[in-house]
Each structure stands twice: as structure tokens, then as C-alpha cells.
Amino acid sequence: GKEEDMERTFKLPSTTFIGGKDKVLTLREILRRLENVYCRHIGVEFMFINSLEQCNWIRQKLEAPGVMEFDATQKRLILARLTRATGFEAFLARKWSSEKRFGLEGAEILIPAMKQLIDKSTELGVESIVMGMPHRGRLNVLANVCRKPLEQIFTQFAALEAADDGSGDVKYHLGTYIERLNRVTNKNIRLAVVANPSHLEAADPVVQGKTRAEQFYRGDGEGKKVMSILLHGDAAFCGQGVVFETFHLSDLPDYTTHGTIHIIVNNQIGFTTDPRHSRSSPYCTDVARVVNAPIFHVNSDDPEAVMHICNIAAEWRNTFHKDVVIDIVCYRRNG
309 GKEEDMERTF KLPSTTFIGG KDKVLTLREI LRRLENVYCR HIGVEFMFIN SLEQCNWIRQ
369 KLEAPGVMEF DATQKRLILA RLTRATGFEA FLARKWSSEK RFGLEGAEIL IPAMKQLIDK
429 STELGVESIV MGMPHRGRLN VLANVCRKPL EQIFTQFAAL EAADDGSGDV KYHLGTYIER
489 LNRVTNKNIR LAVVANPSHL EAADPVVQGK TRAEQFYRGD GEGKKVMSIL LHGDAAFCGQ
549 GVVFETFHLS DLPDYTTHGT IHIIVNNQIG FTTDPRHSRS SPYCTDVARV VNAPIFHVNS
609 DDPEAVMHIC NIAAEWRNTF HKDVVIDIVC YRRNG
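For the sequence shown, position 194 matches number 502 in the numbering used here, and the numbering has no gaps at all.
Dropping the structure here:
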């Protein structure tokens, strides 16, 4: 019967990496390990990629035993970063409760995720990162990821006139440019956040152009030193044509930025719409499939899983210089 079958042993094929050093496993153990990898907090789409090498690379990163284990120091770092993100939102909520804050509540994991991407990328030799992002969580990213001085962020709330160019831009639109030491990797990193208009996703091609220009002027023909990270909202990502158009430039020799890391803050409601009424395909990330980009859906309530995926994404870009998508599935706590 069924139970005896579970104890049968099978030789593992070369396309799986769940065995680690073992070449043979029981059916029960094979199922347990595969379910652990693919049926828990990470859902990954990569089988449509038309390169066996790339598929196997992803499999190995996910399946090798022990890849998800973080030590206590790493966990404390994630906790500290999460605490910062949450504290920042709580402060805004307390001080400016009536303001439209486009808060990150429910998606605070975005902050440690971005820090992890930046840490890993600098470790792999990146020196400059150009970022584009929508309103949600923008202030938190400016404060906690870019370390933009808080007084510069808060004067825009308090209606105190900061010395500015008089553009009168909404506070969610302004970007920043900052150079600082990455304390985790002890290397200097330059972060630029592109100022964002109210036109959703219009910053995507701007970020790519800025990245490409910087690569060009630095003689960085392979994109090893300069890269781009784009943040998206779930509804805008599948709803705005410019996203698809920008993806199609991603592998053209004259336009490529040698791999962009896309993060979708997927709070599962675009503005106020149910997914069934907002798109014709199952995932908001489906537009990325046209360029053979791997797509990682990850549960935002599992910080280790999110960090693991961020590491894989940074390594993927460094290895293959192609786009990759991280879909952080979270929720929206307030407006």
C-alpha cells in the first residue's frame, strides 16, 4: 500500500538539489523536502525560463539543504531594521494622523528587504544604486534606507520652509541622492532615489536611463558597478503600459542596464479594487514573464524568507545580468 511506498528509496536526478550530499532519499523525505522549499512561504515561477542553466541555478539556491538558515546576528539585524521601519510609521501616525501618509503599515518588511539587497549587491561589487519607487512607504525608504536627514523629511509636513528650489512638489515626490558607508560591508555606496511624479510608474524609464547613463560615463559596460532597483505597487505594475515597455528595453544591447531588481509591494488591493476586477491574469507579476525574468512571490510575514529571496535576487543579477522580480505579498493596514 501507500505507506510502504513512502519508505521506498529513489535515486535523485541531476535536476534536483534537495539531497545535498545524499544521492538517494526515501519518497517520504523527498516529498518533505520539496514541500518545504516550494509549498511554504516562497512561491517561485521560473520554469518558463528558456535556459536550463538558469533554471538549475535557481533550483540550487532554493533547494540546497540549510540555505534558509540565518544565524542569531543576522536575525537581530533584521529585527533592528524592522523595528526602525515600524517606529518610523508609528511616529508619523502619531504626529500627523490626519495627513495622507501612504504608510508602509503591513509592508514594513520592505525596509529590511531593501537593506539586504543593497548589502548583498555592495558585497558583490556594486558601488552605485539608482532607485525608483511609488508613494507607498517612500518616506520610510528615504529615512531608513537612504538615511536622508529626518529634518529634511519632516519640514515638508510641518510646513516650515526648507531651503528648496520652490518647486512646491508633494512630499511623496521628492527624491534624494546620498553617499554613505555601508556598515555591513564596509564599502561606500551611492544611493539615488529618483523624484517621482503622480503618474504611476512613469519613473521606471527615467531610472533606467539614469542608470544606463551612469554606467556609460563610468565605463561600466557590464553593469558591475551601477545598478537599478525599481519598486512598484501591485495594481500599477500590471495596469500601466509603461511597465511592459520598460521591460522590453531590458535586454536590448543599446538600452540594457544589465539587470534590474523589481520589488512589488503587493498589498493585494490596488487602490480599492479586487484583483478579479483589475487584471486578466492570475498574478500582477505576469508582465515580467515576457523577458524570462524569474519571479519570487514571498510571504511578508516570514522575514527570513524575504531576506533569502533578496540575496538570491542580488546574486541572480550579478550572475546573469537579467531582470528579476520579488513580489512581497503583504497587506494594507491603514489607508
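C-beta atoms are modelled at their ideal positions from N, C-alpha and C, and glycine is treated no differently.
Terminal residues of the continuous alpha helix (DSSP H) containing residue i?
i      : result
Tyr346 : Leu335 to Tyr346
Glu364 : The displayed chain sequence assigns Asn, not Glu, to residue 364. It spans Leu360 to Glu371 - the alpha helix (DSSP H) in which Asn364 sits, taken as one unbroken run.
Ser436 : Segment Ser436 to Gly440 is the beta strand (DSSP E) holding Ser436; no alpha helix (DSSP H) there.
Phe552 : Gly549 to Leu557
Thr519 : Ala511 to Tyr525
Asn619 : Pro611 to Phe628
Asp661 : Residue 661 cannot be examined here, being either before or after the span of the chain that is shown, 309 to 643.
Give me the Cβ distance between residue i and residue j, rounded to the nearest whole Å; I'm assuming they're in contact under 8 Å.
i      : j      : result
Asn575 : Asp635 : About 11 Å separates the two Cβ atoms, so there is no contact after all.
Phe555 : Ala621 : Between Ala621 and Phe555 the Cβ distance is about 16 Å, and since that is not below 8 Å, they are no contact.
Ile419 : Val453 : 6 Å
Glu431 : Glu413 : The pair is not a contact, with the Cβ atoms about 30 Å apart (cut-off 8 Å).
His566 : Gly527 : Incorrect: roughly 13 Å between the Cβ atoms, too far for contact.
Leu508 : Thr484 : Their Cβ separation, rounded to whole angstroms, is 20 Å, which puts Leu508 and Thr484 out of contact at 8 Å.
His654 : Ile572 : A query on residue 654 cannot be resolved here, the shown segment of the chain reaching from 309 to 643 and no further.
Asn490 : Asp427 : 7 Å
Ala510 : Val502 : Not a contact, Cβ separation roughly 10 Å.
Trp365 : Thr593 : Actually they do not touch by this definition, with Cβ atoms about 20 Å apart.
Met535 : Val599 : Their Cβ separation, rounded to whole angstroms, is 16 Å, which puts Met535 and Val599 out of contact at 8 Å.
Ser589 : Cys638 : Not a contact, Cβ separation roughly 20 Å.
Pro457 : Asn504 : Their Cβ separation, rounded to whole angstroms, is 19 Å, which puts Pro457 and Asn504 out of contact at 8 Å.
On the DSSP letters alone, give me the boundaries of the beta strand (DSSP E) that residue i sits inside.
i      : result
Ser405 : Taken as a continuous stretch (DSSP letters only), Ser405 belongs to no beta strand (DSSP E), as it is neither H nor E.
Leu425 : Here Leu425 belongs to no beta strand (DSSP E); instead the alpha helix (DSSP H) covers Leu418 to Glu431.
Lys495 : Lys495 to Val501
Glu377 : Where Glu377 is concerned, there is no enclosing beta strand (DSSP E), given that its DSSP letter is neither H nor E.
Ser536 : Val534 to Gly541
Tyr485 : Thr484 to Asn490
Glu353 : Ile350 to Glu353
Val637 : Val632 to Val637
Under 8 Å, do residue i and residue j count as touching if we go by C-beta distance?
i      : j      : result
Met439 : Ala500 : yes
Lys329 : Ser436 : no
Val425 : Ile537 : The amino acid at residue 425 is misidentified as Val; the sequence shows Leu. Going by C-beta atoms, Leu425 is nearer than 8 Å to Ile537.
Phe325 : Gln368 : yes
Arg455 : Phe410 : no
Val632 : Arg625 : yes
Leu320 : Val345 : no
Phe545 : Ile350 : no
Pro611 : Ile386 : yes
Any 3 or more C-beta pairs closer than 8 Å across the segment 384 to 400 and the segment 349 to 359: no
Three CB pairs or more closer than 8 Å across the segment 600 to 615 and the segment 330 to 338: no
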